[in-house]
């Protein structure tokens with residue numbers, strides 16, 4: 023089993039409902055347990071235009087390998103209407119793997135830890151809300 027932190031964001035449609043639906047779908051996965059979820063935060067888009075985002079961070083326990091988890095998360099994004107017409111396009115749902123245990127992953131499809139995680143308050147603040155010792159535990 024692996025402890026994983028994910029970031030969730032939505033800036034199209036009913037943003038709160040989108041995030042709650044994503045969490046509901048995660049809880050239906052047999053090899054994923056949702057251990058904690060931060061409160062929601064509203065933020066301006068970064069490096070993009072469009073409506074404001076709602077963001078949250080969740081802590082998971084999973085038996086899935088990183089690429090398998092990525093497949094599940096992208097399936098949830100697609101189920102909730104995610105379109106990818108161009109980089110940083112507005113989206114109904116965006117789910118990023120922030121950390122996967124203490125592993126470093128650099129593959130064509132996945133970079134973990136998420137490269138911009140510590141530069142984004144909308145990720146770091148909710149992460150520290152649910153895991154106050156994160157910086158010490160992950161040597162940040």
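In the numbering used here, the protein residues as written are 23 to 162. Cβ coordinates follow ideal geometry from the N, Cα and C atoms, glycine included.
Just how far apart, CA to CA, sit residue i and residue j?
i, j, result
"residue 51", "residue 146", "26 Å"
"residue 39", "residue 101", "13 Å"
"residue 23", "residue 69", "35 Å"
"residue 58", "residue 120", "14 Å"
"residue 54", "residue 35", "26 Å"
"residue 41", "residue 56", "13 Å"
"residue 29", "residue 92", "12 Å"
"residue 132", "residue 73", "26 Å"
"residue 44", "residue 155", "26 Å"
"residue 25", "residue 71", "33 Å"
"residue 82", "residue 27", "6 Å"
"residue 124", "residue 138", "16 Å"
"residue 103", "residue 94", "14 Å"
"residue 140", "residue 49", "27 Å"
"residue 134", "residue 84", "16 Å"
"residue 33", "residue 113", "6 Å"
"residue 67", "residue 105", "17 Å"
"residue 144", "residue 122", "19 Å"
Looking only at C-alpha atoms, which of the options sits nearest to residue i?
i, options, result
"residue 142", "92, 65, 133", "65"
"residue 96", "72, 47, 67", "47"
"residue 130", "148, 89, 156, 113", "89"
"residue 62", "149, 154, 72, 155", "149"
"residue 31", "104, 117, 85, 153", "117"
"residue 183", "75, 49, 67, 80", "Given that the chain is displayed from residue 23 to residue 162, the structure contains no residue 183 and the question cannot be resolved."
"residue 152", "113, 78, 122", "78"
Check the C-beta distance from residue i over to residue j and give it rounded, since I have them as a contact under 8 Å.
i, j, result
"residue 115", "residue 127", "That pair is no contact at about 22 Å."
"residue 86", "residue 37", "That belief does not hold up - the Cβ atoms of residue 86 and residue 37 are roughly 26 Å apart, past 8 Å."
- Mind pulling the alpha helix (DSSP H) runs of 4 or more residues that sit fully within the region 73-101? The alpha helix (DSSP H) runs of length 4 or more contained entirely in the region 73-101 are, from start to end of the chain, 88-101.
- Task: Let me know the beta strand (DSSP E) ranges lying completely inside the region 41-68, each 3 residues or longer, listed in chain order.
- Result: DSSP runs (the beta strand (DSSP E)) wholly in the region 41-68: 54-59, 63-65.
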